[in-house]
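My numbering numbers the first residue of the sequence shown as 145 and each following residue consecutively. Each residue gets a CB set at the ideal place from its N, CA and C atoms; glycine is no exception. Only a predicted model underlies this, so the values are computations on that prediction, with no experimental measurement involved. Presented below is the structure to which this report refers.
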Amino acid sequence: MRTLAIAAIIALLTVPAYAAKRGHKSDGQATEDPQKKKVQDKEYNDALKRIPDQPAAKDPWGNVR
Numbered sequence: 145m146r147t148l149a150i151a152a153i154i155a156l157l158t159v160p161a162y163a164a165k166r167g168h169k170s171d172g173q174a175t176e177d178p179q180k181k182k183v184q185d186k187e188y189n190d191a192l193k194r195i196p197d198q199p200a201a202k203d204p205w206g207n208v209r
């Protein structure tokens, strides 16, 4: 009876690890279309270029120092 309880506990402890591993795809990027990736990279870089530069930080105590 004791060995059955230990086996059940071990089985229950391995279930979360199996569930976490089951949903993970390790080769997801390998199956992605390279042309699609290039287009996404270009769109991303274009979007970064459209972000305006941040103005210089204003120091409210600058005149006091």
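What is the residue span of the alpha helix (DSSP H) that Gly-189 lies within? Sequence inspection shows Asn at residue 189; the Gly mentioned does not correspond to that position. Boundaries of the alpha helix (DSSP H) harbouring Asn-189: 178-194, taken from the DSSP string.
In this structure, how does DSSP classify Pro-199 when only helix, strand and coil are distinguished? DSSP, read as helix, strand or coil, puts Pro-199 in coil.
Check whether chain B comes within 8 Å of Val-183, counting only Cβ atoms and requiring the distance to be less than that. Among the chains of the structure shown, chain B does not appear; only one protein chain is present.
From Asn-189 to Ala-200, what distance separates their C-alpha atoms? Per the coordinates, the alpha-carbon of Asn-189 lies some 24 Å from the alpha-carbon of Ala-200.
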